[in-house]
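For the protein sequence lines, the chains are A and B, in the order given.
Counting in the numbering used here, the first sequence runs from 4 upward without gaps.
Counting in the numbering used here, the second sequence runs from 298 upward without gaps.
Ideal placement from N, C-alpha and C gives every residue a C-beta, glycine not left out.
Note that this is a predicted model, so its numbers are computed, not measured.
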Amino acid sequence: MTETTSIIDLNSRLAVNPNLVLREEDDDCALLFDPDRGSVQILNRSAVEIWKRLDGKRSLAEIVLSLNETFTGVDEAAQEQVLQLMRSLSELGAIGVWDENA
Amino acid sequence: MPDQTYLMRTPRSVDLEITSGCNASCRYCYYLNNQGVTYKDLSTERWLEVFAELSACQVMNVSLLGGEPLLRKDLFRLIDGIVANRMRFDLMSNGSLLSSAFAERLAATGRCDQVQISLDGSSAEIHETLRGKGTFAPAVKAIENLQKVGLPVTVRVTVHPGNIDDLAAITALLLDEMGLPSFSTNEASALGSLDKYDGPTFMTPVQRLQAMHNLADLDACYPGRIEANAGPLADWKMFHAMEEARRGGLPIPGRGRLVGCGCHSQRLAIRADGAYIPCVMLPQMVLGQAGLDSLTEVWQGAPALVALRERRKIALTSFPECLDCPWLASCTGNCPGGAFTLTETVDRPCPSACLRKFQAELAVHGLSLWDEHR
């Protein structure tokens, strides 16, 4: 897994950093806890659903499509929002690009 | 103000009494000699299994308590287990075994949030009054060792009759000489060692007022650097807020019921023998057994814990001792652990934190909390 923020696009196959803890406290949001830094990020429900789909195998485009199974009204704007979220998480070291040759 | 607090699916933090052993004999110890408590330690393997379950429940932080945690020879194996299970930790110690090598190793984990060292005096003579001979120098050395490796160190000062007049010197030692950003204060509770009742452990009302005055003055000189969740300074601030609310005719929102502690909605504790308990102040209230009972099920459904959370709904007007109290509407009833120790039930206000009772005790001596003291 590599952490290259600039090349994240809808074809990226991203995986979560296994050292982080996703703590679902209730139905509305979750905490993303980095035990090494002691930092906490708050993820909303849709971000949690995306996080759970980041298995390094599915592309972001496929993940956005799959969100229709959980949420109604997922439109084209959702793609850009997901990309922004992924870039933010990548900058935090929370996710990385899946590289089969790595 | 809603009756129920938000309940997360699992606790964020868990207090772990990793050993019941201690190499000190502090006269006011809250931990040892509680009736009905089993003092037996889990094995390394059992604790590692517990950590795995905590991790599965997404617990973020654990506090390593005792007894004296450094007495465990497998302490770093346990810490490695905490790190491997994606948690952070803090540690409470009397400092006696905290060498520079230990501090370096602790810092190298990268996961230690802070270490708390107990120090009750600015000199050996005063510190050792209730903590025992030879405990002062190692505690000071431990603080220095932690500072050298850059680990956050907090110091807890337990206020008692023997150090009331030393509080200014303790403050100067910790904040000026040693350069700590802050320290915290409390006082002895009624839990634990029974011999505390024979000697100079508890402050009289007049001494307690003097301790409040001393700490309030120091708090003014060192703003924000003397912390207190319990004890004379905490009570001083709480009592004045209650009086201000009474004079203003506007009660402090959400009070007037047994809302004195919200810990049970955020954290849990595990005794040295593996028993789940709501908190270290309620060691007799066993909720289940780590390794045998599911943490999530205990957290969400243990009857005693559910009942403890329901305590918040109990109005202070239901207690005869609270009727006609001018501060009732702004009172929290304070700590359920203290209430349990002194009244044998958590569903009562804690008598030792009662403003009206304290004022009545002071009045016998012609004193009042509201007297000018400077």
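Local Cβ density within 10 Å of Tyr303 of chain B, reported as buried at 16 or more and exposed below that: exposed
What's the gap between the Cα of Phe386 of chain B and the Cα of Arg645 of chain B? 33 Å
Exposure of Asp417 of chain B, with buried meaning 16 or more beta-carbon neighbours within 10 Å: buried
At the level of alpha carbons, what is the spacing between Val603 of chain B and Thr614 of chain B? 22 Å
In terms of residue numbering, what span does the beta strand (DSSP E) encompassing Met389 of chain B cover? Arg385 to Ser390
On the criterion of 16 or more Cβ atoms from any shown chain inside 10 Å, does Pro623 of chain B qualify as buried, or is it exposed? exposed
Secondary structure at Asp300 of chain B, three-state DSSP: helix, strand or coil? At Asp300 of chain B the pLDDT is 47, less than 50, meaning the model places this residue with poor confidence and gives no usable figure here.
Could you tell me the alpha carbon to alpha carbon distance between His561 of chain B and Gly663 of chain B, rounded to whole angstroms? 39 Å
When DSSP builds the beta bridges, which residues end up paired with Ile98 of chain A? A:Val19
Going along the chain, which unbroken runs of the alpha helix (DSSP H) with 4 or more residues stay wholly within the segment 455 to 508 of chain B? 464 to 468
Could one say the Cβ of Glu79 of chain A lies closer than 7 Å to chain B's Cβ atoms, at least one of them? no
Residues in its own chain within less than 8 Å of Glu52 of chain A by CB, not counting five upstream and five downstream? Leu70, Thr73 and Phe74
List, in chain order, every chain B residue whose beta-carbon is nearer than 7 Å to that of Arg1 of chain A. Since the first residue shown for chain A is 4 and the last is 105, residue 1 of chain A is missing from the structure and cannot be characterised.
I'd like the span of the alpha helix (DSSP H) that includes Ser49 of chain A, first residue to last. Arg48 to Arg56
Quick check on Pro299 of chain B - is its C-beta less than 7 Å from some C-beta in chain A? Because the pLDDT of Pro299 of chain B is 46, which lies under 50, any placement of that residue in the model is unreliable, and the question is left without a value.
Per the DSSP calculation, Gln597 of chain B is bridged to which residue(s)? Answer is none; Gln597 of chain B lacks a bridge partner.
Per-residue DSSP class, three states only, for Leu339 of chain B: coil
What's the gap between the Cα of Asp29 of chain A and the Cα of Gly76 of chain A? 23 Å
Along chain A, which residues have their Cβ under 9 Å away from the Cβ of Asp410 of chain B? Gly41
I need the straight-line Cα distance from Asp638 of chain B to Asp532 of chain B, nearest angstrom please. It should be pointed out that residue 638 of chain B corresponds to Thr in this sequence rather than to Asp. Their Cα atoms are separated by approximately 19 Å.
Between which two residues does the beta strand (DSSP E) carrying Gln413 of chain B extend? Cys409 to Ser415
Using DSSP with H/G/I as helix, E/B as strand and the rest coil, what is Glu641 of chain B? coil
In the DSSP assignment, find the unbroken beta strand (DSSP E) run with Leu565 of chain B in it and report its ends. Arg564 to Ile567
Work out the CA separation of Cys651 of chain B and Leu556 of chain B for me, nearest whole Å. Reading off the sequence, residue 556 of chain B comes out as Val, not Leu. Their Cα atoms are separated by approximately 14 Å.
Could you tell me which chain A residues have their CB closer than 7 Å to the CB of Gly407 of chain B, listed as they occur along the chain? Asp39
What distance in whole Å lies between the Cβ atoms of Gly553 of chain B and Leu625 of chain B, which are believed to be in contact at a cut-off of 8 Å? 6 Å
Looking only at its own chain, which residues have a Cβ that is under 7 Å from the Cβ of Asp516 of chain B, when we skip the five neighbours before and after it? Ile523 and Leu530
Buried or exposed by the 16-neighbour rule on C-beta atoms within 10 Å, applied to Ser317 of chain B: buried
Completely contained beta strand (DSSP E) runs for the segment 507 to 566 of chain B, where each covers 3 or more residues: none
Apart from the five residues on each side of it in sequence, which residues of its chain come closer than 7 Å, Cβ to Cβ, to Lys337 of chain B? Ser317, Ala569 and Asp570
DSSP has Cys32 of chain A in a bridge; who is on the other side? A:Asn47
Mind listing which residues of the segment 7 to 23 of chain A have their C-beta closer than 7 Å to chain B's C-betas, in chain order? Asn22
Going straight from the alpha carbon of Gln44 of chain A to that of Cys32 of chain A, what length do you get? 10 Å
Interface positions of the segment 379 to 393 of chain B facing chain A (Cβ-Cβ less than 7 Å), listed along the chain: Arg383, Met384 and Arg385
Quick one: which residues of the segment 299 to 322 of chain B get their C-beta closer than 7 Å to a C-beta of chain A? List them in chain order. Met305 and Arg306
Examine chain B for any beta-carbon lying closer than 7 Å to the beta-carbon of Phe74 of chain A, and answer yes or no. no
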